[in-house]
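Undergrad: Counting the sequence shown from 1 gives a position; our numbering is that position plus 1258. One structure follows; several queries about it will come next.
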Amino acid sequence: MRKNLITRSKHFVLHQLAEGIFAAVAEDGGSAISNSGVIDLGEQILVFDTFLTPQAAIDLRQITIDILKRTPRLVINSHYHNDHIWGNQVFALDAQIVSSTRTRALIATAGAEEFRWYSLNSAQRLESLRAQYQNTKDEQQQKQLLLWIGYYEGLVEALPHLKVCLPSITFSNHLEIHGAKHTSELITFEGAHTENDTVLYLSKEGIVYMSDLLFVGCHPYLADGDPLQLLKALRELNRLDATYFIPGHGPVGRVDDLKLLIEYVEHCLDTAQLLVDKGNAYEDKITELKIAERYVHWQQPQFYKANIRFLCERMSSPNGGKQAH
Ligand SMILES: [Zn+2]
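Here it is, written out as structure tokens:
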């Protein structure tokens, strides 16, 4: 199975993974920020996650209509984070939005909180990022800053008209959607990246849309979940006989990318445990910490120390994650 580049927008590149199955991979500098999927089930078109902004979602909807000659009728929200669901409103007029029951509740609570925060702070954040960009000569730093400038530029443009659309159909743990061409299986995991995350599995085709249970070529964000639960989920998904693993962020992955993330989480847990074992003053040691060689070229390097800090705090708390992994 070979993936082909089909088309691109300024927000994403669309790859075909199999007949009627696509991955939309976010472009740096655009305002998609995270990846999406499009699946022609036969009778209807399904979209998995809707990007950070309506601007990027409009392009995905239009490209889907151009290629598949139909409007998407089903949208899946993998988890409540804004960069995966704030394009919902573009599809909501002609599609049903589906998520797990827990994810819907999180969109209505923590997600609404997120919306308030970004409404208040995005313009100021954008100004400060542009100033930082002007003041740095470091190429790596400029690349990271451009990504965040794209993020906040997209939000500043979108927020005056942005509506957080809640899913209209919910399920508990598992849902199968059958079509004449493909059958999608939605599987939820508790507390891995957030309190509740859904992956979409196409078992016959060997394709898994992982959302933020997988990051490829960039540091994951661990601080909203339980790293032990994440390891459990990744090991379970590693046992699926799949060829393509589409991450929430980064290019389309293979099983080796899943294994690399398992190693990364284990490495972060071991590093944090060593720091905590040496005593409580781990903050200074985190400041001095260098990113391990294997991950030094990954994007979002600032998440590395944030992840280690989160794990140290977790391990130091009275009922923190002392259990073996
Ligand atoms: Zn996320």
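Each residue gets a CB set at the ideal place from its N, CA and C atoms; glycine is no exception. The structure displayed is predicted, hence computed values, not measured ones.
For Gln-1558, which of helix, strand or coil comes out of DSSP?
TA: For this step, residue 1558 is matched to residue 300 along the sequence shown. Correct three-state label for Gln-1558: coil.
Undergrad: Can you tell me whether Ile-1427 is buried or exposed, with buried defined as 16 or more other CB within 10 angstroms of its CB?
TA: If you number the sequence shown from 1, residue 1427 lands on position 169. Ile-1427 should be labelled exposed.
Undergrad: Apart from the five residues just before and just after His-1273, which ones in its own chain have a Cβ nearer than 7 Å to its Cβ?
TA: Here residue 1273 is taken as the residue at index 15 of the sequence shown, counted from 1. Closer than 7 Å at the Cβ level, and outside the excluded window around His-1273, lie Lys-1261, Asn-1262, Leu-1263, Ile-1264, Phe-1280, Ala-1281, Val-1283 and Val-1510.
Undergrad: Hey, quick one: how far does the alpha helix (DSSP H) through Gly-1412 stretch, first residue to last?
TA: The residue labelled residue 1412 in the question sits at position 154 within the sequence shown. Gly-1412 -> alpha helix (DSSP H) spans 1397-1416.
Undergrad: Kindly provide the chain-ordered list of residues whose Cβ lies closer than 5 Å to any non-hydrogen atom of ligand 1.
TA: Taking each Cβ in turn, the ones that pass are His-1339 and Asp-1470.
Undergrad: What residue ranges within the stretch 1294-1320 form continuous beta strand (DSSP E) runs of no fewer than 3 residues, ordered along the chain?
TA: List check, beta strand (DSSP E) in window: 1294-1298 and 1303-1306.
Undergrad: Counting Cβ pairs closer than 8 Å, one from the stretch 1359-1366 and one from the stretch 1452-1469, do we hit at least three?
TA: Yes, since at least three Cβ pairs between the stretch 1359-1366 and the stretch 1452-1469 fall closer than 8 Å, the two stretches touch.
Undergrad: Would you kindly work out how many angstroms separate the C-alpha atoms of Gly-1537 and Glu-1571, rounded to a whole number?
TA: Reading the sequence shown from its first residue, position 279 is the one you call residue 1537. Reading the sequence shown from its first residue, position 313 is the one you call residue 1571. So the two alpha carbons sit approximately 12 Å from each other.
Undergrad: Which one or two residues does DSSP pair with Ile-1504 in a beta bridge?
TA: Residue mapping note: residue 1504 aligns to position 246 of the sequence shown, counting from 1. Answer is Tyr-1467, bridged to Ile-1504.
Undergrad: Contact defined as beta carbons within less than 8 Å: I believe Ile-1365 pairs with Leu-1424. What is the distance between those atoms, to the nearest angstrom?
TA: In the sequence shown, residue 1365 corresponds to position 107, counting from 1. In the sequence shown, residue 1424 corresponds to position 166, counting from 1. The Cβ separation is near 6 Å, so the contact holds.
Undergrad: Please work out which residues of its chain come closer than 6 Å, Cβ to Cβ, to Ile-1316, disregarding the five sequence neighbours upstream and downstream, and give them in chain order.
TA: By one-based count along the sequence shown, residue 1316 stands at place 58. Contacts found: Val-1348.
Undergrad: Measuring only the C-alpha atoms, how far is Asn-1565 from Glu-1372?
TA: Reading the sequence shown from its first residue, position 307 is the one you call residue 1565. Reading the sequence shown from its first residue, position 114 is the one you call residue 1372. About 20 Å.
Undergrad: Quick check on DSSP: helix, strand or coil for His-1436?
TA: Numbered from its first residue, the sequence shown carries residue 1436 at position 178. DSSP places His-1436 in strand when its eight states are reduced to three.
Undergrad: Closest by CA to Arg-1266, which one among Ala-1539, Glu-1301, Ala-1276 and Arg-1319?
TA: By one-based count along the sequence shown, residue 1266 stands at place 8. Arg-1266 has its Cα closest to that of Arg-1319, out of Ala-1539, Glu-1301, Ala-1276 and Arg-1319.
Undergrad: Apart from the five residues on each side of it in sequence, which residues of its chain come closer than 6 Å, Cβ to Cβ, to Tyr-1409?
TA: Counted from its first residue, the sequence shown places residue 1409 at position 151. For Tyr-1409, where only same-chain residues beyond five positions count, the Cβ hits under 6 Å are Ile-1291.
Undergrad: Suppose the cutoff is 6 Å on Cβ atoms and the five residues either side in sequence are ignored; what does the same chain contact list for His-1342 look like?
TA: Taking the sequence shown and counting its residues from 1, the one referred to as residue 1342 is at position 84. Result list for His-1342: Ser-1292, Asp-1307 and Ser-1336, in chain order.
Undergrad: Work out the CA separation of Asp-1286 and Gly-1464 for me, nearest whole Å.
TA: On the sequence shown, residue 1464 is found 206 positions in, with the first residue counted as 1. On the sequence shown, residue 1286 is found 28 positions in, with the first residue counted as 1. Those two C-alpha atoms are separated by around 28 Å.
Undergrad: Is Gly-1511 helix, strand or coil when you go by DSSP?
TA: Here residue 1511 refers to the residue found at position 253 of the sequence shown. Residue state, collapsed to three classes: strand.
Undergrad: Alpha helix (DSSP H) containing His-1342: first to last residue?
TA: Position 84 of the sequence shown, counting from 1, holds the residue named residue 1342. Its alpha helix (DSSP H) spans residues 1340-1343.
Undergrad: Please check the pair Leu-1472 and Phe-1447, which I expect to be a contact at CB under 8 Å, by giving their CB distance rounded to whole angstroms.
TA: One-based indexing of the sequence shown puts residue 1472 at position 214. One-based indexing of the sequence shown puts residue 1447 at position 189. Not quite, the Cβ-Cβ distance comes to about 12 Å (not below 8 Å), so this is no contact.
Undergrad: Thinking just about the alpha-carbon of each residue, which of Lys-1395, Gly-1412 and Ile-1321 is nearest to the one in Trp-1344?
TA: Here residue 1344 is taken as the residue at index 86 of the sequence shown, counted from 1. Ranking Lys-1395, Gly-1412 and Ile-1321 by Cα distance to Trp-1344 puts Gly-1412 first.
Undergrad: Beta carbon of Thr-1322: closer than 8 Å to some heavy atom of ligand 2?
TA: Ligand 2 is absent from the structure shown, which contains only ligand 1.
Undergrad: Tell me, please, which residues DSSP counts as bridged to Leu-1263.
TA: Numbered from its first residue, the sequence shown carries residue 1263 at position 5. According to DSSP, which records beta bridges pairwise, Leu-1263 is partnered with His-1273.
Undergrad: With burial defined as no fewer than 16 other Cβ atoms inside 10 Å of the residue's Cβ, what is the status of Ile-1323: buried or exposed?
TA: Along the sequence shown, one-based indexing puts residue 1323 at 65. The residue in question, Ile-1323, is exposed, as its Cβ has fewer than 16 Cβ neighbours within 10 Å.
Undergrad: Report all residues from its chain with a CB closer than 7 Å to the CB of Ser-1380; omit the five preceding and five following residues, and keep chain order.
TA: The residue labelled residue 1380 in the question sits at position 122 within the sequence shown. So the qualifying residues of the chain are Tyr-1410, Leu-1413, Val-1414 and Leu-1417.
Undergrad: I'd like to confirm the pairing. Which residues does DSSP put opposite Phe-1252 in its beta bridges?
TA: Here the chain comprises residues numbered 1259 to 1583, so residue 1252 is not present and cannot be evaluated.
Undergrad: Apart from the five residues just before and just after Val-1271, which ones in its own chain have a Cβ nearer than 7 Å to its Cβ?
TA: On the sequence shown, residue 1271 is found 13 positions in, with the first residue counted as 1. Counting only Cβ-Cβ distances below 7 Å, and skipping sequence neighbours, we find Leu-1263, Val-1283 and Glu-1285.
Undergrad: Can you round the beta-carbon distance between Ile-1435 and Leu-1299 to whole angstroms, since I take them to be within the 8 Å contact cut?
TA: Position 177 of the sequence shown, counting from 1, holds the residue named residue 1435. Position 41 of the sequence shown, counting from 1, holds the residue named residue 1299. Yes, Ile-1435 and Leu-1299 are in contact; Cβ-Cβ is about 7 Å, under 8 Å.
Undergrad: Rounded to whole angstroms, what's the CA-CA distance from Ala-1314 to Arg-1493? Just pull it up for me.
TA: Here the question's residue 1314 lines up with position 56 in the sequence shown. Here the question's residue 1493 lines up with position 235 in the sequence shown. One C-alpha to the other measures close to 32 Å.
Undergrad: Is the beta carbon of Tyr-1467 sitting closer than 9 Å to the one on Gly-1288?
TA: The residue labelled residue 1467 in the question sits at position 209 within the sequence shown. The residue labelled residue 1288 in the question sits at position 30 within the sequence shown. Cβ distance not < 9 Å, so Tyr-1467 and Gly-1288 don't count as in contact.
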